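Protein chains in written order, with my numbering: chain A, 1 to 113; chain B, 1 to 115.
Don't be surprised by glycine CBs; every beta carbon is placed ideally from N, CA and C.
Keep in mind that this is a model prediction, so the values were computed, not measured.
Down below is the structure, laid out as structure tokens.
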Amino acid sequence: DVKVTQSSRYLVKRTGEKVFLECVQDMDHENMFWYRQDPGLGLRLIYFSYDVKMKEKGDIPEGYSVSREKKERFSLILESASTNQTSMYLCASSLSRVGTEAFFGQGTRLTVV
Amino acid sequence: GENVEQHPSTLSVQEGDSAVIKCTYSDSASNYFPWYKQELGKGPQLIIDIRSNVGEKKDQRIAVTLNKTAKHFSLHITETQPEDSAVYFCAASIFRGSTLGRLYFGRGTQLTVWP
Numbered sequence: 001d002v003k004v005t006q007s008s009r010y011l012v013k014r015t016g017e018k019v020f021l022e023c024v025q026d027m028d029h030e031n032m033f034w035y036r037q038d039p040g041l042g043l044r045l046i047y048f049s050y051d052v053k054m055k056e057k058g059d060i061p062e063g064y065s066v067s068r069e070k071k072e073r074f075s076l077i078l079e080s081a082s083t084n085q086t087s088m089y090l091c092a093s094s095l096s097r098v099g100t101e102a103f104f105g106q107g108t109r110l111t112v113v
Numbered sequence: 001g002e003n004v005e006q007h008p009s010t011l012s013v014q015e016g017d018s019a020v021i022k023c024t025y026s027d028s029a030s031n032y033f034p035w036y037k038q039e040l041g042k043g044p045q046l047i048i049d050i051r052s053n054v055g056e057k058k059d060q061r062i063a064v065t066l067n068k069t070a071k072h073f074s075l076h077i078t079e080t081q082p083e084d085s086a087v088y089f090c091a092a093s094i095f096r097g098s099t100l101g102r103l104y105f106g107r108g109t110q111l112t113v114w115p
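The following block contains the structure:
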């Protein structure tokens with residue numbers, strides 16, 4: 001089975017801190033994605049990557065950056081955390097660019113205080 | 001980009017009844033339409049998907065229908081059970097340019113099945 005693992009289930013950080021959310025997939029997938037999930041807003045795409053060192057902005061990239069140095073790992077970085085970034089963050093991966101199933105991690109609940 | 005609308009946002013049904021969730025999309029280039037189920041405390045998981053060259057697909061108690069002309073697709077769950085209670089998301093994927101592989105999600109439907 002494909003496994004997408006996020007490094008933390010819960011995180012509490014202070015305003016202004018630099019925050020790293022890590023995601024690892026074990027099935028050699030090309031694509032990786034970071035979403036945030038907020039009640040009533042569904043899943044909103046922050047950034048995605050089609051290949052190592054490649055990244056594309058999603059719908060809400062402001063305040064975030066990403067890093068993909070290895071194919072299996074995709075990191076989301078909050079350069080200076082703010083309270084409005086308190087949310088559930090979901091990482092996903094998919095095999096190829098032509099409409100294939102996305103596999104999600106279990107999510108990281110981030111609280112910025 | 002693509003815009004996916006999902007209705008209703010909440011749905012309550014009695015155990016054994018059917019549940020229907022509807023989605024519309026805006027871009028006629030979309031060609032892949034998955035449905036995800038998210039249980040409490042977990043990430044979304046694919047339950048069924050359909051491609052634009054197919055009008056209907058069934059897997060046991062769940063089915064998805066696609067109307068390309070009207071740009072809408074629906075999830076049908078028959079003989080609902082309490083374990084079907086979850087948030088359901090529809091999504092669409094566009095086969096074009098740099099957006100290849102990206103999913104556009106609806107806002108989700110909270111389904112509650114009462115015993």
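Item, Value
"So, are the CB atoms of T65 of chain B and E79 of chain B less than 7 Å apart?", "no"
"Quick one: is Q14 of chain A buried, meaning 16 or more other Cβ sit within 10 Å of its Cβ, or exposed?", "Note that residue 14 of chain A corresponds to Arg in the displayed sequence, not to Gln. Looking at its Cβ environment, which holds fewer than 16 other Cβ atoms inside 10 Å, R14 of chain A is exposed."
"Could you run through the stretch 54–87 of chain B and flag, in chain order, every residue whose CB is less than 8 Å away from some CB of chain A?", "none"
"Closest to W116 of chain B by CA distance: which of B:Q38, B:N67, B:G108, B:E15 is it?", "Outside the displayed span of chain B (1 to 115) sits residue 116 of chain B, for which this structure offers no information."
"For the ligand ATP, is there a heavy atom less than 6 Å away from the beta-carbon of D84 of chain B?", "Within the structure as shown, the ligand ATP is missing, as the structure has no ligands at all."
"Mind checking which residues open and close the beta strand (DSSP E) that includes P34 of chain B?", "30–38"
"Quick check on T108 of chain A: does DSSP put it in helix, strand or coil?", "strand"
"Does the CB of F104 of chain A have a neighbour CB from chain B at under 7 Å?", "yes"
"Does any C-beta atom of chain B lie closer than 7 Å to the C-beta of G42 of chain A?", "yes"
"Please list the segments of the beta strand (DSSP E) lying wholly inside the stretch 61–102 of chain B, counting only runs of 3 or more residues, in order along the chain.", "62–67, 72–77, 86–94"
"State buried or exposed for R102 of chain B, treating a residue as buried only when at least 16 other CB atoms are found within 10 Å of its CB.", "buried"
"Would you mind giving the Cβ-Cβ distance between E62 of chain A and K18 of chain A, rounded to the nearest angstrom? I have them listed as a contact below 8 Å.", "Not really, about 16 Å apart at Cβ, beyond 8 Å."
"Skipping 5 residues on each side, what residues in its chain have a beta carbon closer than 7 Å to that of A19 of chain B?", "L11, V13, I77, T80, L111"
"Work out the CA separation of R109 of chain A and F33 of chain B for me, nearest whole Å.", "27 Å"
"Chain B partners of L45 of chain A, CB-CB under 9 Å?", "R102, L103, Y104, F105"
"Just curious, the beta strand (DSSP E) that V20 of chain B is in, first and last residue?", "19–25"
"Compute the Euclidean distance between the alpha carbons of S9 of chain B and L40 of chain B, then round it to the nearest angstrom.", "16 Å"
"Provide the residue(s) that pair with H7 of chain B in DSSP beta bridges, ordered along the chain.", "B:K22"
"Using 7 Å as the limit for Cβ to Cβ distance, is P8 of chain B near chain A?", "no"
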